[in-house]
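Each remark here refers to the structure printed beneath this line.
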DNA sequence: ACGGTAGGTGTACGCCGTACACCTGTCAAG
DNA sequence: CTTGACAGGTGTACGGCGTACACCTACCGT
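Protein chains in written order, with the working numbering: chain A, 246 to 483; chain B, 246 to 483.
Structure, rendered in structure tokens:
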């Protein structure tokens, strides 16, 4: 029985276990708390042990991103391109919202990971299958930008704070502090004026999901119009 | 004459001199090389001297962002809202392209700086003056997202590499490496298929400026349509 | 002449990523 | 049963980071 003690005391390390622990750490304590030392401690191991499974911290981050991307639902089959893309992008958004550190991590890495490339590739494939020219598909992918992965990098985004817990407390009204409101009257006006008033559950604050879908549909509708009229980049776009 | 030696040897430090040196360092050596120690060395001073003028590194970054934002042209007067916004956003884009580190720096800070708030406020003001409801203006600002500051955070962006010089070499064709092209056929297809073929100066590569304006006009046209028909968020947006 | 103060200096601390040598348990080949 | 290779966890150490804190020094208004 003694021979089992070693294996019972601690599950053996593996790349997968490391990645999942890293994601959990970043989710719970913020990406700022993700250090090789902290991560090793969570795993009950010495920091250098990690390097037997991941090459370095950058590769660790890439692996974490792939974990998140792996949570995105597959394309729904048997739907027109617009509906298929819309649903999948909203699924991506849900995945990324579970991991608030992910958008910045994705944008910091200079090259996309294979998992992201596969995701993008499938989206392009769906466009092509829907009759888009390679030319228009190209521009569409650019126009969507990071929105195609479900995030849009708002200019103020309190959830991006370093040490925040991942649990989504509804973030109280958060109107502008008065001295700021006084200096920037137009911002103050629109900060509260977003009237999602038919569903006042949301209160006077700002409904992120609504804003995301607003922009997404603005783009999809515009793209649909271009597609219908057989747009190509030979025409000037306006 | 000896009493002048001290002042001749080195210009006195100031917050402004520090910020400009920091921007120059980040432009030239990449944001990854911007450390308090490197910056102090460039200024011929000991690292801790900087802290008499900036509170900490985060505040230094905020100051650098404000330098960049200060380079954006003011709103052109006497133009319809669409033209005014479009021109100013393209001006912002030019400013940010001179400082490739700026987009990521802006998105990393959790709260916007006063200069950014002033910029956004003026944009909202222009929309309101153009007859937009506070409600629609709110959604428009969200829909534009970081694009209103002239960048859209592409998913691959080689210029975001850490140690790159800021001088814009045209970035040679940069088609996908063959083993990647094989795994992601749709990406490979659209990577080269963007036919800006009427002006083949650009070659087969991808014209960032064109892509940016494509997405910008897609959004502006959609926004114009909503504005014309008096859209409010009481209606479901699709 | 002098005391306060603004601004540059030196030292030190705790954190980071990770190179490198080392140890240990497992397992296949002889 | 011995042996030796090897996968995987350990310990130590290095250079770099941001910055707290005590200090020094030159200037300026009284």
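Note that the Cβ used here is the ideal one computed from N, Cα and C, for glycine as well.
A quick note: this is a predicted structure, and the numbers were derived from the prediction, not measured.
field: Nearest neighbour of residue 269 (chain B), chosen from B:287, B:256, B:321, B:257 [CA to CA]
entry: It is B:287.
query: What is the DSSP secondary structure of residue 298 (chain A), reduced to helix, strand or coil?
result: Residue 298 (chain A) falls in the coil class under three-state DSSP.
message: Just to confirm the assignment, what range does the alpha helix (DSSP H) spanning residue 326 (chain A) have?
response: Residues 326–342.
message: Distance cutoff 8 Å, beta carbons only. Does residue 310 (chain A) sit that close to anything in chain B?
response: For residue 310 (chain A), no CB of chain B lies under 8 Å from its own CB, so it is not counted at the interface with that chain.
- request: Kindly indicate if chain B contains any beta-carbon less than 8 Å away from that of residue 313 (chain A).
  value: No, residue 313 (chain A) does not count as interfacial toward chain B.
message: Once the 5 residues before and after residue 320 (chain B) are set aside, which same chain residues still bring their CB inside 7 Å of it?
response: Only 329, 333, 367, 371 meet the Cβ criterion.
- request: Please report how far the alpha carbon of residue 454 (chain B) lies from the alpha carbon of residue 308 (chain B), in whole angstroms.
  value: Distance between the alpha carbons of residue 454 (chain B) and residue 308 (chain B) is about 27 Å.
query: Mind checking if residue 350 (chain A) is an interface residue toward chain B, Cβ cutoff 8 Å exclusive?
result: Not closer than 8 Å to any Cβ of chain B, the Cβ of residue 350 (chain A) fails to qualify, so no.
task: Below 7 Å CB to CB, which residues in the same chain sit around residue 314 (chain B) once its five sequence neighbours on both sides are set aside?
output: Excluding five sequence positions before and after residue 314 (chain B), the CB atoms of its chain that fall closer than 7 Å to its own CB belong to 360, 361, 364, given in chain order.
field: Cβ shell of residue 220 (chain B) (< 6 Å), same chain only, five flanking positions each side left out
entry: Given a span of 246 to 483 for chain B in the structure shown, any question on residue 220 (chain B) remains unanswerable.
- request: State the DSSP-derived secondary structure class of residue 352 (chain A), mapped to helix, strand or coil.
  value: Assigned with DSSP and collapsed to three states, residue 352 (chain A) falls in helix.
query: Expressed to the nearest angstrom, what Euclidean distance is found between the alpha-carbon atoms of residue 263 (chain B) and residue 353 (chain B)?
result: For residue 263 (chain B) and residue 353 (chain B), the distance between alpha carbons rounds to 21 Å.
Spatial distance of residue 463 (chain B) from residue 279 (chain B) (CA atoms): So the alpha carbons of these two residues sit roughly 37 Å apart.
message: Between residue 390 (chain A) and residue 436 (chain B), how many whole angstroms is the CB-CB distance? I'm expecting something under 8 Å.
response: Their Cβ separation, rounded to whole angstroms, is 16 Å, which puts residue 390 (chain A) and residue 436 (chain B) out of contact at 8 Å.
message: Relative to the C-alpha of residue 346 (chain B), which candidate in B:374, B:306, B:324 has its C-alpha closest?
response: The alpha carbon of residue 346 (chain B) has as its nearest neighbour, out of B:374, B:306, B:324, the alpha carbon of B:306.
- prompt: Going by alpha carbons, who is nearest to residue 380 (chain A) out of A:284, A:479, A:258?
  reply: Closest option to residue 380 (chain A), Cα to Cα, is A:479.
task: Would you kindly work out how many angstroms separate the C-alpha atoms of residue 384 (chain B) and residue 258 (chain A), rounded to a whole number?
output: Residue 384 (chain B) and residue 258 (chain A): Cα-Cα distance of roughly 47 Å.
- prompt: Who are the neighbours of residue 321 (chain A) on chain B, taking C-beta pairs under 9 Å?
  reply: Within chain B, no residue comes near residue 321 (chain A); the closest Cβ sits about 18 Å away, beyond 9 Å.
query: Which chain B residues are close to residue 280 (chain A), counting only those with a beta carbon under 8 Å from its beta carbon?
result: Those within 8 Å of residue 280 (chain A) in chain B number zero; the least Cβ separation is about 17 Å.
- prompt: Which residues of chain A have a Cβ atom closer than 8 Å to the Cβ of residue 332 (chain B), listed in chain order?
  reply: Correct list: empty, because the minimum Cβ distance to chain A is about 14 Å.
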